[in-house]
Every structure is written in structure tokens, then in C-alpha cells.
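What follows is a short report on a single structure.
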Amino acid sequence: MAQVGAQLPKTEITEKANTLLLLILVAAALNARGATQADRAPEKSIAVTVDARKPQAPISPYLFGQFIEHIGDLVNRSVWAEMLDDRKFYFPI
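FYI, the numbering for the sequence shown is 45 to 137, going by our numbering.
Here's what the structure looks like:
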């Protein structure tokens with residue numbers, strides 16, 4: 045096992061790259077196999093009925109507002125403080 049910050053021998057890097065490539069190829073093959081099986085499945089009709097007159101238990105307010113997507117640089121440039129990101133101010137104050 046290599047130490048943190050130490051240079052890995054070329055054979056170990058090649059071995060890790062080959063292992064990663066093998067894992068990616070296996071995942072792609074399994075995904076393609078699943079996609080072809082799903083294409084052959086017969087289509088089934090689904091019907092949904094929504095009755096707005098039947099109220100259910102109230103939804104907790106703590107379930108909302110806890111998710112943000114990484115759209116472009118939304119998180120990287122908007123949520124994180126600029127001083128912590130660059131250790132300097134890019135735009136003039």
C-alpha cells in the first residue's frame with residue numbers, strides 16, 4: 045500500500061487503471077444486457093386514480109428544502125465562500 049502523497053510505481057498505476065477499466069466494461073455490459081431485456085418486455089397499461097377528497101397525514105416541513113442540484117457552477121460559485129475557494133477575492137470589493 046502506498047503512502048499518502050508518495051509516488052506510486054508505474055506497475056501499480058497500470059494495475060489500478062486496468063482494474064478500473066475492467067469494472068467499467070463489466071458495468072457497461074450489464075447495463076446493455078438489462079436494456080435489451082427491458083426492450084423485449086411486453087407493455088402493460090397502468091392506471092392511476094387520485095382522490096383529492098381523502099386527506100392523508102400532514103407532510104413534515106423538514107422534508108423540503110434539503111436538496112440542491114449541481115447545475116453548472118451553482119454550488120461551486122454560489123454556495124461556497126469565495127475566500128475559502130480561492131484564498132483571495134477575484135472580483136473587486
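Don't be surprised by glycine CBs; every beta carbon is placed ideally from N, CA and C.
What number of angstroms, rounded off, separates the C-alpha of Leu64 from the C-alpha of Val92?
Taking the sequence shown and counting its residues from 1, one reaches residue 64 at position 20. Taking the sequence shown and counting its residues from 1, one reaches residue 92 at position 48. About 43 Å.
By the three-class DSSP mapping on this structure, what secondary structure does Thr93 have?
For the purposes of this step, residue 93 is taken as the residue at position 49 of the sequence shown. If DSSP states are grouped into helix, strand and coil, Thr93 belongs with coil.
Less than 6 Å between C-beta atoms, sequence neighbours within five positions excluded: which residues of the same chain meet that for Val94?
Sequence index remark: in the sequence shown, residue 94 carries index 50 (1-based). Cβ within range, chain order: n/a, list empty.
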